[in-house]
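Inspection log for the structure reproduced underneath, given as structure tokens.
Number of protein chains: 2
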Amino acid sequence: MSVKIALLGFGTVASGVPFLLKENHEKISQAAQDDIEIAKVLVRDDAEKQSLQAAGHDYNFVTNVDEIIEDKEIAIVVELMGRIEPAKTFITRALEAGKHVVSANKDLLAVHGSELLEVAQKHQVALYYEAAVAGGIPILRTLVNSLASDKVTKVLGVVNGTSNFMMTKMVEEGWTYEDALAEAQRLGYAESDPTNDVEGIDAAYKMVILSQFAFGMNIQFDQVGHKGISQITPQDVSVAQSLGYVIKLVGSIVETESGIAAEVTPTFLPKQHPLAGVNDVMNAVYVESIGIGESMYYGPGAGQKPTATSVVADIVRIVRRLKEGTIGKAFNEYSRPLQLAKPEDVKNNYYFSIKAPDATGQILRLAEIFNAEGASFKQILQEDSDGQFASVVIITHQVNQTQFKNLVEKLDSEPNFELLNTFKVLGE
Amino acid sequence: MSVKIALLGFGTVASGVPFLLKENHEKISQAAQDDIEIAKVLVRDDAEKQSLQAAGHDYNFVTNVDEIIEDKEIAIVVELMGRIEPAKTFITRALEAGKHVVSANKDLLAVHGSELLEVAQKHQVALYYEAAVAGGIPILRTLVNSLASDKVTKVLGVVNGTSNFMMTKMVEEGWTYEDALAEAQRLGYAESDPTNDVEGIDAAYKMVILSQFAFGMNIQFDQVGHKGISQITPQDVSVAQSLGYVIKLVGSIVETESGIAAEVTPTFLPKQHPLAGVNDVMNAVYVESIGIGESMYYGPGAGQKPTATSVVADIVRIVRRLKEGTIGKAFNEYSRPLQLAKPEDVKNNYYFSIKAPDATGQILRLAEIFNAEGASFKQILQEDSDGQFASVVIITHQVNQTQFKNLVEKLDSEPNFELLNTFKVLGE
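This is the structure in structure tokens:
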């Protein structure tokens, strides 16, 4: 007897599920120790049903979720609708009806994950969501299983394909932000309103989920700072290159003495850093830990088949656990009370791009300002002036978040200087 | 009540095990759902025992393995002695005594793995060995769990840290093979007899194990071709660079229509390939599959803590399965009959470095030879001659193994030409 599953939604990713179940049938059955059958597929309305049928899709399409929730034969519900509602209600009802759930919905899991996991725990059913972070990269299950013996100290992620595609064009080919965005939209990588991708919001959702798996801490979305790529100029990109860096939108979570800090922000990566070579729409999660040291997990962050592969891996795991009678185990069991780092414990190098009058004593004045905050220079670059203004770029040694905030305020309040841009710089 | 384990051997890696059990005690207990206690440690003799005790190691050291095998309280035996014997006998006896075994011994598992796995299966005990391939990289468990839903078509691995360190020096700093080897030996990366590392033997062992996990096929060690890095000249390295490639020692397994083919050989990697940036002693395994597409797993291939992290992850998994009552499950369940690819189905681009007389018609003659075998040129580079001989480098489009063999034979038999070197080139 096969295990019956239902799909909620039949968009791009969902249609990858039957592809894998068919193509890899023998291997999947070996791993799951049972056959998996798509018993029902929820679509929006009769029009969608008819158009899917006309396109040759031969499933038992239903338009009312009750037909799935009330079907006692369906063991697993696979939610691939996206957005918060009605996905949240459907998942909750499925869990309450004793069904196991697989989801790829990062927004929902980042914001309402704890709530849904509680419902799952209460009804002793599984809620798995490997595909929610970095699509095809098996990072969540790897953190759970293989890093169970390790202690993670830092996670850096290039986890938004759209912005990484744009940054690759900006860095490798010198494109402006506007041109890169237009191309990303033309290729269908960016939506007409690209805010979630380019402002780091999508990546911040993923940091929320990664915090739970890597640090056992349930950080909230609004505790993850985010700054996007729209302010990056071709000059920033070229200065970065001449100083030996590549700029990327990087999500980070670090554990300091006082707790964890998470943010998403454009970051200067040294060219030899493993993340620096992650280009186009590819994603990667780089992990520092006391046992392994440095490791990195690289792959596609989105797309039909990669995402469906993670979804089906979750389904296989559930079917196997049903067989073994160990289905109660939560996807992620690592849990500690949330402790947020104090700003003075979060230290980074920073890039400051400053427009200064081309007059004697300006570098001295800058040095005084940085010195007064206890910040020292690691690299400094002054470009030929246009006769009136000079462009000065400073990369500091490690300063903490309080020092950084003070430096920005002071520079902003100096009438002579214009602070053009600041970015985080990876390094010691 | 805690689960009691015994360590066989207390060298570098083994001493990383108590470090992790202590440092990550809380997280490990959460994941294992039990405490783990090192009950006994097997050492060679009283002299080793006394020197370890003098160094402050406070374990129950034993010098006779019977004290572990016959101890009914010990549930898990962790073999970290290396080499074939007596490790093989000790593991076999432990499995027969109903103990679960964790090992990091790639030579043993590559050559006698099937035999040992049979004993484990017969006694319904676990034999896990994540650390045997690419030390700290959790590649085996990832293939088992996360790629259960996927079909792997190609695996490429930079899985020998010593040779990769040497290649990095040769590529990035133009060192000769001899200088790179001397430095690797000075740093303790290479043994006084470096054959296993530099001739691709160590990497070939790892390909045997990866074939089982990625393709479900039990290829034998002597079915994995291996060619080392000792013949690579500075000229090969510099030509590679000028044509846009980096040379590394790469293990590969591909599935063709007729079956799989595995080999370890110096390979030209396009500079933008994810493996091209894997430098120094770091390792990476790059996977192509029909679901995820491209993914890569990067980390340290050896070292005390990385290897111990994989070993302890295996221990945690066993303890958890003991708790869940699902201990019978084999580490890798994916299994298909071995089918080796026909030579004509295994296709690659190849680099030929040829010394030719500096006379009219030589390129024409070369073109005739390649053309007669149906091989076409992708790139060709003729360097300034010294007046007597010219150096000609040819990179072919895809040719199969039979064509390649014929080309090498023909060029070797041409009295005018000297075939200096041939290498595999990654590309379409």
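So the sequences go chain by chain: R and H. In this text, residue positions in the first sequence follow full-length UniProt numbering: the first is 1, and each later residue adds one. In this text, residue positions in the second sequence follow full-length UniProt numbering: the first is 1, and each later residue adds one. Using N, Cα and C, we set each Cβ at its ideal position, and we do this for glycine too.
request  = Going by CA-CA distance only, name the one from H:Leu411, H:Glu368 and H:Asn416 that's closest to glutamine 388 of chain H.
outcome  = H:Asn416
Taking 7 angstroms as the threshold (beta carbon to beta carbon), is isoleucine 333 of chain R in contact with chain H? The sequence given here has glutamate at residue 333 of chain R, not isoleucine. Taking Cβ atoms only, chain H reaches closer than 7 angstroms to glutamate 333 of chain R, which makes this a yes.
Would you check if the distance between the CB atom of serine 149 of chain H and the CB atom of tyrosine 129 of chain H is smaller than 7 angstroms? At least 7 angstroms separates the beta-carbon of serine 149 of chain H from that of tyrosine 129 of chain H.
**Message:** Using a Cβ distance threshold of 8 angstroms, determine whether the segment 123–139 of chain H contacts the segment 198–213 of chain H, with at least three qualifying pairs required.
**Reply:** yes
Rounded C-alpha distance that separates lysine 99 of chain R from lysine 271 of chain R | 47 angstroms
For asparagine 348 of chain H, the residue or residues it bridges with in DSSP: H:Val399
Exercise. Exposed or buried, which one is aspartate 46 of chain H when buried takes at least 16 other CB atoms within 10 Å?
Worked result: exposed
- Got a sec: which bits of the segment 299–316 of chain R sit with their beta carbon under 9 angstroms from any beta carbon on chain H, in order along the chain? Within the segment 299–316 of chain R, those residues whose Cβ lies closer than 9 angstroms to any Cβ of chain H are, in chain order, Gly299, Pro300, Gly303, Lys305, Pro306, Ala308, Thr309, Ser310, Val311, Val312, Ala313, Asp314, Ile315 and Val316.
*asked:* Using 8 angstroms as the cut-off, can you tell me whether the segment 312–329 of chain H makes contact with the segment 238–246 of chain H, which would need three or more C-beta pairs spanning the two stretches below that distance?
replied: no
Given that a residue counts as buried once 16 or more other Cβ atoms are within 10 Å of its Cβ, and exposed if not, what is methionine 217 of chain H?
By the neighbour-count rule (16 or more Cβ atoms within 10 Å), methionine 217 of chain H is buried.
So is threonine 309 of chain R buried or exposed if we call it buried at 16+ other beta carbons inside 10 Å? So threonine 309 of chain R ends up on the buried side.
_Bridge partner(s) assigned by DSSP for leucine 269 of chain R_ = R:Val246
Kindly indicate which residue of H:Ile292, H:Asp107 and H:Ile380 has the alpha-carbon position closest to the one of leucine 147 of chain H. H:Ile292
- Please compile the residues from chain H whose C-beta is within a distance smaller than 7 angstroms of the C-beta of tyrosine 297 of chain R. Tyr297
Item to check | asparagine 406 of chain H in three-state terms, based on DSSP | outcome: Residue state for asparagine 406 of chain H is assigned as helix, using DSSP reduced to three classes.
Self-check item: Amino acids of chain R, ordered along the chain, whose beta-carbon sits closer than 9 angstroms to that of aspartate 179 of chain H
Solution: Chain R residues near aspartate 179 of chain H: none, gap ~22 angstroms exceeds 9 angstroms.
Margin query: On the DSSP letters alone, give me the boundaries of the alpha helix (DSSP H) that isoleucine 318 of chain H sits inside.
Written below: 304–324
Suppose contacts are defined by Cβ-Cβ distances below 7 angstroms. Is alanine 367 of chain R in contact with valine 392 of chain R by that definition?
Taking 7 angstroms as the Cβ cut-off, alanine 367 of chain R and valine 392 of chain R do not qualify as a contacting pair.
Note to self: Which residues of the segment 18–40 of chain R have a Cβ closer than 7 angstroms to any Cβ of chain H? Give them in chain order.
What the structure shows: Leu20, Glu23, Asn24, Lys27, Ile28, Gln30 and Ala31
Check: Of the residues R:Gln379, R:Asp193, R:Phe331 and R:Ile363, which one's Cα is nearest the Cα of valine 101 of chain R?
Finding: R:Phe331
* Establish whether the CB of proline 274 of chain H and some CB of chain R are separated by less than 7 angstroms. => Answer yes: the Cβ-Cβ gap between proline 274 of chain H and chain R drops below 7 angstroms somewhere.
- Message: Taking a contact to mean a Cβ-Cβ separation below 7 angstroms, would you say glutamine 382 of chain H touches asparagine 349 of chain H in this structure?
- Response: no
Considering only DSSP beta bridges, list what leucine 381 of chain H is partnered with.
H:Val393
Q. So which residues of chain R does asparagine 145 of chain H contact, with C-beta pairs closer than 8 angstroms?
A. Pro138, Arg141, Asn145, Ala313 and Arg317
- Query: Once you ignore the five residues that flank lysine 88 of chain R on each side, which residues in its own chain have a CB closer than 8 angstroms to its CB?
  - Reply: Leu108, His112 and Leu116
Does DSSP classify proline 18 of chain R as helix, strand or coil?
-> helix
Starting from threonine 267 of chain H, find everything on chain R with Cβ-Cβ shorter than 7 angstroms and list it in chain order.
Those do not exist, as threonine 267 of chain H stays about 18 angstroms from chain R at its closest Cβ, beyond 7 angstroms.
- Query: lysine 151 of chain H touches chain R at which residues, Cβ-Cβ below 8 angstroms?
  - Reply: Glu23, Asn24 and Lys27
Margin query: For a cutoff of 7 angstroms on Cβ pairs, would you count threonine 326 of chain R as touching chain H?
Written below: yes
ask   = Taking Cβ-Cβ distances below 7 angstroms as the criterion, which residues of the segment 279–294 of chain H are in contact with chain R?
value = Against chain R - using a Cβ distance shorter than 7 angstroms - the residues of the segment 279–294 of chain H are Ile290, Gly291, Ile292, Gly293 and Glu294.
Notebook entry, point to check: For proline 337 of chain R, does the count of other Cβ atoms within 10 angstroms reach 16, so buried, or fall short, so exposed?
Noted result: Exposed: under 16 other Cβ atoms inside 10 Å.
Which parts of the segment 143–217 of chain R are runs of the alpha helix (DSSP H), unbroken and 4 residues or longer, counting only runs that do not cross its ends? List check, alpha helix (DSSP H) in window: 161–172, 177–186, 195–198 and 201–215.
- Task: Decide if the segment 70–83 of chain R is in contact with the segment 4–23 of chain R; the criterion is three or more beta carbon pairs, one per stretch, under 8 angstroms apart.
- Result: yes
Residue from R:Ala180, R:Glu199, R:Val408 and R:Ser335 with nearest C-alpha to glutamate 263 of chain R:
Per the Cα distances, R:Glu199.
Under 9 angstroms Cβ-Cβ, which residues of chain A neighbour alanine 148 of chain R? Absent here is chain A; the protein component of the structure consists of chains R and H.
| query | Under 7 angstroms between the Cβ atoms of isoleucine 318 of chain H and proline 266 of chain H? | reply | no
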